[in-house]
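**Q** For what it's worth, our numbering labels the leading residue of the sequence shown as 544, then goes sequentially.
Where a beta carbon is used, it is the ideal one built from N, C-alpha and C, also for glycine.
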Amino acid sequence: MSDERLRRWIDQLVATPGLTAIKDPEEAWREHVERALGAADVVSRFDGRIVDVGSGGGSPGIPLAFAFPDREVTLLEAQERKAEALVRLASEFPNVRVARGRAEEHETDRYAVAVARALAPPPVAAEWCLPLVARGGAVVLYVGPSADLERVQRVADRVGGGVVSEEAGLLVIPKIAHTPVGFPRRPGVAKKRPLA
């Protein structure tokens, strides 16, 4: 898959300090475009808005916005400098909007899909992402081989999630119930006192 907008995004991404440690454009393409699009099949099962939580340099959100041009994609980023860079990096993708803020302070039950990559340990990422998703949607976490499925399941059970499944480097958590009262917890609490 090659689209000149994605190529330009990758070139800007590797040229902007602090957004990716990868400096080779081809390696960045594999990691930030091809790996991001590995979730396209899962995302396609849930119709509606997508949020990329802790978007950083825009992956996986920008490649998913390219893959789903008719769907609104929000790049949610807490760091002001990165959020400002994202506005520039995403300017060629009309279905992308950038929101500066933390997941714990963002509007709940708003999205069909929340995606996150390298955001936090998977149980913490699950706690941050599940409240953002409406019932009937899902959270998709990009994970490595050491992800602890049982710990993520314990979090899902507390925050309205269903049975967690693994699919080729992804954890998929369906949202089956409204977010319980008390979630999301205040900023920083999930990292300091994980649910699992």
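Could you tell me the distance, in whole angstroms, from the CA atom of Val-586 to the CA atom of Lys-735?
**A** Position 43 of the sequence shown, counted from the start, is the residue given in the question as residue 586. Position 192 of the sequence shown, counted from the start, is the residue given in the question as residue 735. Roughly 30 Å between the two C-alpha positions.
**Q** By how many angstroms is the C-alpha of Gly-712 removed from the C-alpha of Pro-688?
**A** Looking up residue 688 in the sequence shown gives position 145. Looking up residue 712 in the sequence shown gives position 169. In a straight line, the C-alpha of Pro-688 is about 7 Å away from that of Gly-712.
**Q** Rounded to whole angstroms, what is the Cα-Cα separation between Ser-598 and Glu-635?
**A** As a working note, residue 598 is residue 55 in the sequence shown. As a working note, residue 635 is residue 92 in the sequence shown. Each residue's Cα considered, the two are about 17 Å apart.
**Q** Here's the rule: buried if 16 or more other CB atoms are within 10 angstroms of the residue's CB, otherwise exposed. What is Val-667?
**A** On the sequence shown, position 124 is the one that residue 667 refers to. By the 10 Å Cβ count, Val-667 comes out buried.
**Q** Cα separation between Leu-619 and Ala-608?
**A** Working through the sequence shown from its first residue, we reach residue 619 at position 76. Working through the sequence shown from its first residue, we reach residue 608 at position 65. Going by the C-alpha atoms only, they are around 14 Å apart.
**Q** Give the single residue among Leu-692, Val-683, Asp-613, Val-676 whose Cα lies nearest to the Cα of Pro-723.
**A** Translated into positions along the sequence shown, residue 723 becomes position 180. Comparing Cα positions, the closest option is Val-676.
**Q** Taking the beta carbon of Leu-738 as the centre, do at least 16 other beta carbons fall within 10 Å, making it buried, or is it exposed?
**A** As a first step, residue 738 is located in the sequence shown; it is residue number 195 there, counting from the start. It counts as buried.
**Q** Could you tell me which uninterrupted alpha helix (DSSP H) segments, each at least 4 residues in length, are contained entirely in the region 623–665, listed from first to last along the chain?
**A** If we require 4 residues or more, the alpha helix (DSSP H) runs fully inside the region 623–665 come out as 623–632.
**Q** Would you check if the region 626–646 and the region 703–718 touch, i.e. whether three or more CB-CB distances between them fall below 8 Å?
**A** Contact fails: fewer than three Cβ-Cβ distances are below 8 Å.
**Q** Lys-718: buried (16+ other C-beta within 10 angstroms of its C-beta) or exposed?
**A** In the sequence shown, residue 718 corresponds to position 175, counting from 1. Label assigned to Lys-718: buried.
**Q** I need the boundaries of the beta strand (DSSP E) containing Gly-679, first residue and last residue.
**A** Your numbering for residue 679 matches position 136 in the sequence shown. From DSSP, the beta strand (DSSP E) with Gly-679 extends over 676–685.
**Q** Just to confirm, are Ala-655 and Gly-591 a CB contact at a threshold of 7 Å?
**A** The sequence position of residue 655 within the sequence shown is 112, counting from 1. The sequence position of residue 591 within the sequence shown is 48, counting from 1. Yes.
**Q** Between which two residues does the alpha helix (DSSP H) carrying Asp-584 extend?
**A** As a first step, residue 584 must be located in the sequence shown, where it is residue number 41. Start and end: 583–586.
**Q** Give the DSSP bridge partners of Lys-718, in chain order.
**A** Mapped onto the sequence shown, residue 718 falls at position 175. Answer is Gly-704, bridged to Lys-718.
**Q** Report back the beta-carbon spacing between Ala-669 and Val-695 to the nearest angstrom; my notes put them in contact at under 8 Å.
**A** Translated into the one-based positions of the sequence shown, residue 669 becomes position 126. Translated into the one-based positions of the sequence shown, residue 695 becomes position 152. Right, the Cβ-Cβ distance comes to about 5 Å (below 8 Å), so this counts as a contact.
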